[in-house]
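Participant: Residue numbers (the working numbering), protein chains in the order written: chain A, 509 to 621; chain B, 64 to 176. All residues carry an ideal CB built from backbone N, CA and C; glycine is no exception. Given the structure is predicted, the values throughout are model-derived calculations rather than measurements.
#1: Count the other C-beta atoms from every protein chain shown that fall within 10 angstroms of the C-beta of residue 67 of chain B, then say buried if there are 16 or more, exposed otherwise.
#2: Determine the extent of the beta strand (DSSP E) in which residue 528 of chain A is found, giving its start and end residues.
#3: Classify residue 147 of chain B as helix, strand or coil using the three-state DSSP reduction.
#4: Would you list the residues sitting across from residue 140 of chain B in a DSSP beta bridge?
#5: Output the boundary residues of the beta strand (DSSP E) element that contains residue 102 of chain B.
#6: Assuming residue 110 of chain B contacts residue 118 of chain B under a Cβ cut-off of 8 Å, what Cβ separation, rounded to an integer in Å, is found between them?
#7: Please go through the same chain and pick out, in chain order, the residues whose beta-carbon is closer than 6 Å to the beta-carbon of residue 494 of chain A, but skip the five residues on each side of it.
#8: Once the 5 residues before and after residue 102 of chain B are set aside, which same chain residues still bring their CB inside 6 Å of it?
#9: Going by C-alpha to C-alpha distance, which of A/611, A/535, A/589 sits closest to residue 542 of chain A?
#10: Enumerate in chain order the residues of its own chain whose CB-to-CB distance from residue 85 of chain B is below 6 Å, with the five nearest sequence positions on each side excluded.
#11: Which bits of chain A does residue 97 of chain B rub up against, with CB to CB less than 7 Å?
#12: Name the one or two DSSP bridge partners that residue 588 of chain A has.
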């Protein structure tokens, strides 16, 4: 049984539009992350979230990106004004320790036209 | 800046034989390493890990070897099965590095029946 699910599985949007990607952990976890993988490239870290705040973020995670856990359960990634280069597979990742294996969700494929 | 490298983009092995996937890293702050397996249209799944205090970790058909002096690790799968065909990612992190994992570009393993 998966530890985490993601919705939608595929999101198509026009450049400049806002998108919200959702992550639903099956059980309680302490650490939440977003990674992405642009087609044909490696998996890249975006942001980590612990104790209801961002604990670390990469240079990719600029002002266009934000994360939150609005209801203490779902974990969301918002991209305010999408760009063509935001097209990628976005993985929600959960963990119980910052120094341990992390469980990946199935991913949301974002296509920006 | 490729801190984690997997120099073989693909590998083909006959069923029943040994598969050896290699990974090199450059950052000496890394002291925890993981292997993930990824099937098409799914998120990466955790396979096996090793910390720098060990040089070998075994789990069933999967064994990871770590050579700290060479900054090299390898994943051995024996015997290889057709169901092992997937993309394998090496990832690295460390207590003093940060909360995220740095992924290699992946190696596509094809196990031929």
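Facilitator: On the basis of the coordinates in this document:
#1: One-based indexing of the second chain puts residue 67 of chain B at position 4. Residue 67 of chain B should be labelled buried.
#2: Here residue 528 of chain A corresponds to residue number 20 of the first chain, with the count starting at 1. Looking at the DSSP string, the run of the beta strand (DSSP E) that includes residue 528 of chain A is 527-533.
#3: Residue 147 of chain B sits at position 84 when you count from the first residue of the second chain. Residue 147 of chain B falls in the helix class under three-state DSSP.
#4: What you label residue 140 of chain B is simply residue 77 of the second chain in a count that begins at 1. Bridge partners of residue 140 of chain B: B/82, B/125.
#5: Counting from 1 along the second chain, the entry for residue 102 of chain B is found at position 39. First-last for residue 102 of chain B: undefined, no H or E at that position.
#6: Translated into the one-based positions of the second chain, residue 110 of chain B becomes position 47. Translated into the one-based positions of the second chain, residue 118 of chain B becomes position 55. Not really, about 18 Å apart at Cβ, beyond 8 Å.
#7: Within the shown structure, residues of chain A are numbered from 509 to 621, placing residue 494 of chain A beyond reach of any answer.
#8: For the purposes of this step, residue 102 of chain B is identified with residue 39 of the second chain, where counting begins at 1. Hits under 6 Å: 149.
#9: Within the first chain, numbered from 1, the residue matching residue 542 of chain A stands at position 34. Checked all of A/611, A/535, A/589; the closest Cα to residue 542 of chain A is A/611.
#10: Here residue 85 of chain B is taken as the residue at index 22 of the second chain, counted from 1. So the qualifying residues of the chain are 137.
#11: Mapped onto the second chain, residue 97 of chain B falls at position 34. Here the neighbours are 609.
#12: Within the first chain, the letter at position 80 stands for residue 588 of chain A. Answer by DSSP bridge pairing: none, since residue 588 of chain A is not bridged.
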